[in-house]
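Visitor: My structure is below; once you've seen it, I'll send some questions.
Chains as they are written, first to last, in the working numbering: chain A, 1194 to 1511; chain B, 1194 to 1511.
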């Protein structure tokens, strides 16, 4: 299937089936996908992107749902990319999906797409971010990128947002584990969900202590901690306020553009490297590599020697 | 610091400090690291590599410890690369380390190296596999690569072995979650640890059912399920027997060489791509990319257009 002008027109007019079809195209990450992304690019960039991440069971889906309803009450449309099931040993994602579907899934102003990690050998973060571009071109006001904060590629997704929220629960050690996972570095603010549980005060205090150890001057952004009980819809307006406060900071400090430029740089590099890699691994060079392998395994040839040969051949044939 | 002949001589004579220093060099993944790997390559390939993976808390560290002691009783030396703490929200890894150190850490025939996922932005699987090469060159008979089976890069590490063991526990749903995580595809056999727990029979049966659904003919390897209670040292000889049975199968089917060739192919491709990427992203091209970003963000220029320009420039300047 090829992305044509009819599909393009329908997509930018937010025809639901065309949005779904377009995301399916970018998920394939092939030539069609590249064409589609090229064509929609001028229509991309108007949505505000929110990344939501955190450990399994912290309540990310619930917060995404409640925040979506909050945005809908302000008459804003919402696109959601949920990367599920992220942590292979936790489950929960499917349940989250079911709750989500019955709740906001029928709303025409909301588009939800789940992307599975299973079977996605690499390229997951690219596909998720490309899908966000599709939703952006389709005109959604907010795009939420929801992932479990486990593994580099999922952190990449959560970071591909204007505002990144890390959701934690008051369980002991959660803050320390989040620090280990690199979540501290990517959080624009924290949501301490299920904050009606015992240990909530101590967890917030521990988080504050860890945050105060970060390098920061008076002009830099200092992540806040917002308390919520998302299942009872408590703390959602406060989360929205904090998103707005962060947005104002980004605008004022010019970081809104600077950060988008940084993310664009990473994407352009990926496009270049992918194209180059395709040219590099032509059938001829694949075959010659295959023929060399036996010599390498028997120790007659070093892999570095073979690598040099392939590179020379590539450069000479350009 | 540069890898010189003195360090090389000491490394291949299994001088412990030189092994540690050499691994620190490959962890940096720079020019020194490439030189080192090039120089040790003729000495690499004699060790038998065992990958051990599975969900957090399944008992991977305990099995690695007990298996190490079993190998030591046969007078074999053992090198261990433990990728810790793998799943950021589980903990346990540090405790595993402490148990390990008091147990086998003092044995001169055992070398243990922990590699942290934190702060390792990419390249983790390369570094872990390079470190295994160092241990191989140093003359260890067995090399164990232990990782939590969460995330692609950690599955890559566990698969960079002659025999890959997936450790599960009888908890309900573990087998299904393992299937989702792609562990079914990489297991040469399963260890059902803590098999004295209730539900052990059902878990083994569920696992067998899932396994029987895989495509296989009479000549292909069918993964077995070995039961263990590693904390009581039960099932360890059976695990060793299964490793031997798998090794015999690999030898007989010629897959021992074929699989090593496949893995070598992946590594050579990585070497080529890394070198090419370094040449591609020269200071000049980095700068010109930086200068284009503003035009892309304001929508005047498409990222695909910039990518094409960079590629053309690269090809013309080769």
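Ideal placement from N, C-alpha and C gives every residue a C-beta, glycine not left out.
None of the values given here were measured: they were computed from a predicted structure.
1) Looking at the structure shown, is residue 1438 of chain B part of a helix, part of a strand, or coil, going by DSSP?
2) Which residue from A/1360, A/1330, A/1379 puts its Cα closest to that of residue 1350 of chain A?
3) Does the beta-carbon of residue 1267 of chain A have 16 or more other beta-carbons within 10 angstroms, so that it is buried, or is it exposed?
4) Classify residue 1522 of chain A as buried or exposed, calling it buried when 16 or more other Cβ atoms lie within 10 Å of its own Cβ.
5) Could you round the C-beta distance between residue 1499 of chain B and residue 1489 of chain B to whole angstroms and report it? I think they count as a contact, below 8 Å.
6) Which of helix, strand or coil does DSSP assign to residue 1227 of chain B?
7) Tell me residue 1339 of chain A's beta-bridge partners as DSSP assigns them.
8) Answer yes or no: do residue 1143 of chain A and residue 1255 of chain A have a C-beta to C-beta separation smaller than 7 Å?
9) Is the Cβ of residue 1327 of chain A closer than 7 Å to any Cβ of chain B?
10) Would you report the Cα separation of residue 1487 of chain B and residue 1457 of chain B, rounded to the nearest angstrom?
11) Any idea if residue 1221 of chain A is buried or exposed, counting beta-carbon neighbours within 10 angstroms, 16 or more meaning buried?
12) Of all Cβ atoms in chain B, is any one closer than 7 Å to the Cβ of residue 1504 of chain A?
13) Could you tell me the distance, in whole angstroms, from the CA atom of residue 1415 of chain B to the CA atom of residue 1404 of chain B?
14) Go ahead and label residue 1537 of chain A buried or exposed: buried means 16 or more other beta carbons lie within 10 angstroms of its beta carbon, across all protein chains shown.
15) Does the Cβ of residue 1428 of chain B have 16 or more other Cβ atoms within 10 Å, making it buried, or fewer, making it exposed?
16) Establish whether the CB of residue 1492 of chain A and some CB of chain B are separated by less than 7 Å.
17) Under 7 Å between C-beta atoms, does residue 1241 of chain A make it to chain B?
18) Using only CA atoms, which one of B/1492, B/1304, B/1298, B/1467 lies nearest to residue 1333 of chain B?
19) By a C-beta neighbour count over all protein chains shown, 10 Å radius and 16 as the cutoff for buried, is residue 1224 of chain A buried or exposed?
20) Closest Cβ-Cβ distance between residue 1204 of chain B and chain A: below 7 Å?
21) Considering only the beta carbon of each residue, do residue 1275 of chain A and residue 1339 of chain A sit closer than 7 Å?
22) Rounded to the nearest angstrom, what separates residue 1196 of chain B and residue 1214 of chain B at their Cα positions?
23) Find the residues of chain B that neighbour residue 1495 of chain A, judging by a C-beta separation of less than 7 Å, and give them in chain order.
24) Hey, is residue 1458 of chain B's beta-carbon within less than 7 Å of any beta-carbon in chain A?
25) For residue 1279 of chain B, count neighbouring C-beta atoms within 10 Å of its own C-beta (all shown protein chains included) and say buried if the count is 16 or more, exposed if not.
26) Looking at the secondary structure, which residues open and close the beta strand (DSSP E) in which residue 1362 of chain B lies?
27) Going by DSSP, which residues form a beta bridge with residue 1427 of chain A?
28) Determine the extent of the beta strand (DSSP E) in which residue 1265 of chain A is found, giving its start and end residues.
29) Determine the closest residue to residue 1494 of chain A out of B/1234, B/1352, B/1242, B/1511, with distance taken between C-alpha atoms.
30) What is the rounded straight-line gap between the Cα of residue 1323 of chain B and the Cα of residue 1231 of chain B?
31) Taking the continuous alpha helix (DSSP H) assigned at residue 1449 of chain A, which residues delimit it?
32) What is the C-beta distance between residue 1422 of chain A and residue 1247 of chain A, in whole angstroms, given that I count them as a contact (C-beta under 8 Å)?
33) Take residue 1243 of chain A and list the residues in its own chain whose beta-carbon comes closer than 6 Å to its own, dropping the five residues that flank it on each side.
34) Go ahead and pull the three-state DSSP assignment for residue 1415 of chain B.
35) Can you tell me where the beta strand (DSSP E) with residue 1308 of chain A in it begins and where it stops?
36) What residues from chain A crowd round residue 1276 of chain B, counting only those whose CB sits closer than 9 Å?
Guide: Result, derived from the coordinates:
1) By one-based count along the second chain, residue 1438 of chain B stands at place 245. Correct three-state label for residue 1438 of chain B: helix.
2) Mapped onto the first chain, residue 1350 of chain A falls at position 157. Looking at the Cα atoms, A/1379 is the closest of the given residues.
3) What you label residue 1267 of chain A is simply residue 74 of the first chain in a count that begins at 1. By the neighbour-count definition (other C-beta atoms within 10 Å, threshold 16), residue 1267 of chain A is an exposed residue.
4) In the structure as shown, chain A starts at 1194 and stops at 1511, and residue 1522 of chain A therefore has no counterpart that could be examined.
5) Translated into the one-based positions of the second chain, residue 1499 of chain B becomes position 306. Translated into the one-based positions of the second chain, residue 1489 of chain B becomes position 296. Yes, residue 1499 of chain B and residue 1489 of chain B are in contact; Cβ-Cβ is about 6 Å, under 8 Å.
6) The residue labelled residue 1227 of chain B in the question sits at position 34 within the second chain. Helix at residue 1227 of chain B.
7) Sequence index remark: in the first chain, residue 1339 of chain A carries index 146 (1-based). DSSP output for residue 1339 of chain A lists A/1245, A/1275 as bridge partner(s).
8) Since the first residue of chain A shown is 1194 and the last is 1511, residue 1143 of chain A is not available in this structure.
9) As a working mapping, residue 1327 of chain A is identified with position 134 in the first chain. Output row for residue 1327 of chain A: interface = no.
10) On the second chain, position 294 is the one that residue 1487 of chain B refers to. On the second chain, position 264 is the one that residue 1457 of chain B refers to. Distance from the CA atom of residue 1487 of chain B to the CA atom of residue 1457 of chain B, rounded to whole angstroms, is 42 Å.
11) Numbered from 1 along the first chain, position 28 holds the residue referred to as residue 1221 of chain A. By the 10 Å Cβ count, residue 1221 of chain A comes out exposed.
12) Indexing the first chain from 1 puts residue 1504 of chain A at position 311. Interface residue, yes.
13) Here residue 1415 of chain B corresponds to residue number 222 of the second chain, with the count starting at 1. Here residue 1404 of chain B corresponds to residue number 211 of the second chain, with the count starting at 1. Each residue's alpha carbon lies about 8 Å from the other.
14) Shown here, chain A extends from 1194 to 1511; a query on residue 1537 of chain A therefore has no answer.
15) Here the question's residue 1428 of chain B lines up with position 235 in the second chain. Residue 1428 of chain B is buried by the Cβ-count criterion.
16) By 1-based counting over the first chain, the position of residue 1492 of chain A is 299. Taking Cβ atoms only, chain B reaches closer than 7 Å to residue 1492 of chain A, which makes this a yes.
17) Position 48 of the first chain, counting from 1, holds the residue named residue 1241 of chain A. False, the Cβ-Cβ gap to chain B never drops below 7 Å.
18) For the purposes of this step, residue 1333 of chain B is identified with residue 140 of the second chain, where counting begins at 1. With distances taken between Cα atoms, residue 1333 of chain B lies closest to B/1304.
19) Taking the first chain and counting its residues from 1, one reaches residue 1224 of chain A at position 31. Exposed: under 16 other Cβ atoms inside 10 Å.
20) As a working note, residue 1204 of chain B is residue 11 in the second chain. Interface annotation, residue 1204 of chain B: not in contact with chain A, CB-CB separation never under 7 Å.
21) To locate residue 1275 of chain A, count along the first chain from 1; it is residue 82. To locate residue 1339 of chain A, count along the first chain from 1; it is residue 146. Going by C-beta atoms, residue 1275 of chain A is nearer than 7 Å to residue 1339 of chain A.
22) On the second chain, residue 1196 of chain B is found 3 positions in, with the first residue counted as 1. On the second chain, residue 1214 of chain B is found 21 positions in, with the first residue counted as 1. Taking the straight line from one Cα to the other gives about 9 Å.
23) Sequence index remark: in the first chain, residue 1495 of chain A carries index 302 (1-based). Within 7 Å Cβ-Cβ: 1231, 1234.
24) For the purposes of this step, residue 1458 of chain B is taken as the residue at position 265 of the second chain. It does; some Cβ of chain A falls within 7 Å.
25) For the purposes of this step, residue 1279 of chain B is taken as the residue at position 86 of the second chain. Its pLDDT being 42, under 50, residue 1279 of chain B is placed unreliably in this model, and the value from its coordinates should be taken loosely. So residue 1279 of chain B ends up on the buried side.
26) The residue you call residue 1362 of chain B lines up with position 169 of the second chain. Neither: residue 1362 of chain B is in no beta strand (DSSP E) and is coded neither H nor E.
27) As a working mapping, residue 1427 of chain A is identified with position 234 in the first chain. Its beta-bridge partners are A/1422.
28) Translated into positions along the first chain, residue 1265 of chain A becomes position 72. Bounds of any beta strand (DSSP E) do not take in residue 1265 of chain A; it lies within the alpha helix (DSSP H) bounded by 1253-1266.
29) Position 301 of the first chain, counted from the first residue, corresponds to residue 1494 of chain A. Comparing Cα positions, the closest option is B/1234.
30) Reading the second chain from its first residue, position 130 is the one you call residue 1323 of chain B. Reading the second chain from its first residue, position 38 is the one you call residue 1231 of chain B. Residue 1323 of chain B and residue 1231 of chain B have their C-alpha atoms some 11 Å from each other.
31) The residue you call residue 1449 of chain A lines up with position 256 of the first chain. Note, residue 1449 of chain A: alpha helix (DSSP H), 1448-1473.
32) Sequence index remark: in the first chain, residue 1422 of chain A carries index 229 (1-based). Sequence index remark: in the first chain, residue 1247 of chain A carries index 54 (1-based). Rounded, the Cβ-Cβ distance is 15 Å, inconsistent with contact.
33) Taking the first chain and counting its residues from 1, the one referred to as residue 1243 of chain A is at position 50. In chain order, 1337, 1354, 1356 place their CB closer than 6 Å to the CB of residue 1243 of chain A, counting only its own chain and leaving out the 5 sequence neighbours on each side.
34) Within the second chain, residue 1415 of chain B is the residue found at index 222, counting from 1. If DSSP states are grouped into helix, strand and coil, residue 1415 of chain B belongs with coil.
35) Here the question's residue 1308 of chain A lines up with position 115 in the first chain. Looking at the DSSP string, the run of the beta strand (DSSP E) that includes residue 1308 of chain A is 1303-1308.
36) Taking the first residue of the second chain as position 1, residue 1276 of chain B is located at position 83. Here the premise fails: no neighbours, minimum Cβ distance about 13 Å.
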